[in-house]
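Here the sequence shown is numbered in numbering that gives the first Met the number 0, starting from 0 and rising by one per residue.
Structure first, commentary second.
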Amino acid sequence: MNELFPQKPRQARSVARIDRERCLLLVVDVQERLAPQVLGHESLIARIEALISAAQYLGMPRLATEHCPDRIGALIPRLRERFLPEEIYRKTRFGAADHPEFESMVRSRGRSQIVVAGMEAHVCVMQTTLALAAKGFDMFVVGDAVGSRQERQQDRELALARMRDAGCILLGTESALFECTAAGDDPAFRDVLAVVKSLPG
Numbered sequence: 000m001n002e003l004f005p006q007k008p009r010q011a012r013s014v015a016r017i018d019r020e021r022c023l024l025l026v027v028d029v030q031e032r033l034a035p036q037v038l039g040h041e042s043l044i045a046r047i048e049a050l051i052s053a054a055q056y057l058g059m060p061r062l063a064t065e066h067c068p069d070r071i072g073a074l075i076p077r078l079r080e081r082f083l084p085e086e087i088y089r090k091t092r093f094g095a096a097d098h099p100e101f102e103s104m105v106r107s108r109g110r111s112q113i114v115v116a117g118m119e120a121h122v123c124v125m126q127t128t129l130a131l132a133a134k135g136f137d138m139f140v141v142g143d144a145v146g147s148r149q150e151r152q153q154d155r156e157l158a159l160a161r162m163r164d165a166g167c168i169l170l171g172t173e174s175a176l177f178e179c180t181a182a183g184d185d186p187a188f189r190d191v192l193a194v195v196k197s198l199p200g
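What follows is the structure in structure tokens.
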């Protein structure tokens, strides 16, 4: 992909590390009729589950979105059971942050950093992430926990590059988990380490 993106990525607006005291986890549109079409969806969902578990251990707020659930289905059951009803936002626009109610929902959590996972990378994940970045949030996109349909893998790569060039930070699930924990003497370290060890290869 380097020949497609010769320009250097823009510098992130602020600190380029996750601070769990300032961060929330956002899971985008992992829905019943969409998820099975996404390349590597089982591994991807396992990574998202790991992020949710770590967020619980670390006391980080969690939010999820559903896009037109009457047509695409609800959040898959194994993720839905990890969220309270008031933590799930049902949207009709691809970019969740284009809904003022969703932006208010995010801001009410009092966090300035957002870790993003979900699907599809080149549609709802990208549009939500770019909009939140434009509204001043520091965005961390977990590259191995965002996916697109098998026939849209180049679109996925283009979307990741576009988010990076817009100042979003790209990182992997394991990096995100350790960055949230920060130190081996953290009280939550053993729990998070167990989550890391459960990650798919």
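Glycine is no exception: its CB is placed at the ideal position from the N, C-alpha and C atoms.
- By a beta-carbon distance limit of 8 angstroms, isoleucine 113 does not contact leucine 129. Their separation comes to about 12 angstroms.
- Taking C-alpha positions only, glutamate 20 is separated from arginine 110 by approximately 8 angstroms.
- Here alanine 15 has Ile168 as same chain residues with Cβ atoms under 8 angstroms from its own Cβ, once five neighbours each way along the sequence are excluded.
- Classified as buried, threonine 127 has 16 or more neighbouring CB atoms from the shown chains inside 10 Å of its CB.
- Under the DSSP assignment, valine 191 falls outside any beta strand (DSSP E), being part of the alpha helix (DSSP H) whose first and last residues are 188-196.
- If you check the CB distance, leucine 74 and glutamate 65 come in under 7 angstroms.
- When secondary structure is reduced to three states using DSSP, histidine 98 falls in the coil class, being assigned neither helix nor strand.
- DSSP places cysteine 22 within a strand segment (E or B) once states are collapsed to three.
- Shown here, valine 105 sits in a helix according to DSSP, grouped into three states.
- Rounded to the nearest angstrom, the gap between the Cα atoms of phenylalanine 101 and glutamate 173 is 28 angstroms.
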